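Remarks on the structure that follows.
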């Protein structure tokens, strides 16, 4: 392993730890992914703010897309997405689609998919329906913000950082 690969692995490991920490302390899977990435890459604060509604499987209902996956989609779109000026150009001409597909494949491999119910079932062995108050409490008791969702966020942030580095997005001077 050369020096560059060693340093890259150290950075990826640290990004995993940051994602894990942010999810455990502050919650909000999408924002936790973005916060971990933001520590190492230049990202506009507005991206972080726009991620608010994606936590807990969208609006804390645990029925939609996993917030960690949504955070990855947002960051990839930030760096590689179609701008307003490019709106008339087919989205298929942009790199964001293939990069998001790479993250989706990682989620499918690791969790069986990228929706909150699928991720929960894989990680917890069952799905927690947040529309039932006692379910949210059971979710927390099962370790959601101790070692379950924290791990999902850490992995997602690490996978995302790996994509960004491979695609030439420069790291901050840290």
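Numbering (the working numbering), first residue to last: 118 to 291.
Backbone N, C-alpha and C fix where the C-beta goes; we use that ideal spot for every residue, glycine too.
Treat the numbers as computed from the prediction; the structure is a model and nothing was measured.
Exposed unless 16 or more other CB atoms sit within 10 angstroms - verdict on residue i
i, result
"residue 207", "exposed"
"residue 204", "exposed"
"residue 176", "exposed"
"residue 287", "exposed"
"residue 143", "exposed"
"residue 126", "exposed"
"residue 163", "exposed"
"residue 187", "buried"
"residue 136", "buried"
"residue 223", "buried"
"residue 155", "buried"
Rounded distance between the beta-carbons of residue j and residue i, thought under 8 Å
i, j, result
"residue 233", "residue 179", "5 Å"
"residue 211", "residue 230", "Residue 211 to residue 230, Cβ: 24 Å. No contact."
"residue 172", "residue 141", "Their Cβ separation, rounded to whole angstroms, is 13 Å, which puts residue 172 and residue 141 out of contact at 8 Å."
"residue 277", "residue 189", "5 Å"
"residue 191", "residue 147", "7 Å"
"residue 281", "residue 196", "7 Å"
"residue 263", "residue 241", "The Cβ separation is near 12 Å, so there is no contact."
"residue 247", "residue 253", "5 Å"
"residue 289", "residue 158", "6 Å"
Between the CA atoms of residue j and residue i - distance to the nearest angstrom
i, j, result
"residue 275", "residue 151", "11 Å"
"residue 270", "residue 259", "16 Å"
"residue 243", "residue 202", "44 Å"
"residue 133", "residue 193", "17 Å"
"residue 255", "residue 285", "42 Å"
"residue 218", "residue 228", "15 Å"
"residue 129", "residue 250", "36 Å"
"residue 216", "residue 257", "32 Å"
Contact test: residue i Cβ vs the ligand SAH heavy atom, cutoff 7 Å
i, result
"residue 193", "Within the structure as shown, the ligand SAH is missing, as the structure has no ligands at all."
Coarse secondary structure for residue i, derived from DSSP in three states
i, result
"residue 158", "strand"
"residue 134", "helix"
"residue 124", "helix"
"residue 225", "helix"
"residue 264", "helix"
"residue 253", "helix"
"residue 203", "coil"
"residue 188", "helix"
"residue 177", "coil"
Bridge partners - residue i, DSSP secondary structure assignment
i, result
"residue 288", "158"
"residue 232", "182"
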